[in-house]
Amino acid sequence: MSTTKNVNLPDIGDFDSVDVIEILVKIGDLVKENDSIITLETDKATMEIPAPFSGKITNLAMKVGDKVSHGDLILTVESDSEP
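Just so you know, we're using our numbering here: the sequence shown kicks off at 156 and counts up by one.
Below, the structure is given as structure tokens:
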């Protein structure tokens, strides 16, 4: 049985908000755990955020140029794995 799960931005350190500079997936894509899903940029570095679990992307909650913070919704995944 599949489950819909939200993927939220993890704690990325001492940053109030960071810029989304690239979205590496689209709705309908299948991702595996630890696949990169978005790229963020701070004033000091860029970083890719990995998927915390495998599944099919059903919703993207942000776009390139958005500013995001810890806990913000990134996307929604339909997953067959246990919660």
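Ideal Cβ positions, reconstructed from N, Cα and C, are used throughout, including at glycine.
request  = Taking N214 as part of the beta strand (DSSP E), name the residues at either end of that continuous run.
outcome  = G210 to L215
Separation of G210 from D198, as counted between CA atoms = 32 Å
query = How would you label I192, buried or exposed, when you count the other beta carbons within 10 angstroms and need 16 or more for buried?
reply = buried
task = Confirm, please, whether the CB-CB distance from S172 to K218 is below 7 Å.
result = Contact: no.
message = Quick check: the Cα distance between A206 and G183, rounded to an integer number of angstroms?
response = 15 Å
task = Compare the beta carbon distance of L164 and I212 with 7 Å and say whether it is the shorter of the two.
result = Taking 7 Å as the Cβ cut-off, L164 and I212 do not qualify as a contacting pair.
query = How about D174 and E196: do their beta carbons lie closer than 7 Å?
reply = Yes, the Cβ-Cβ distance between D174 and E196 is below 7 Å.
task = Rank K187, E233 and N214 by C-alpha distance to the C-alpha of K181 and give the top, closest one.
result = Checked all of K187, E233 and N214; the closest Cα to K181 is N214.
ask   = Can the beta-carbon of F208 be found less than 7 Å from the beta-carbon of S224?
value = no
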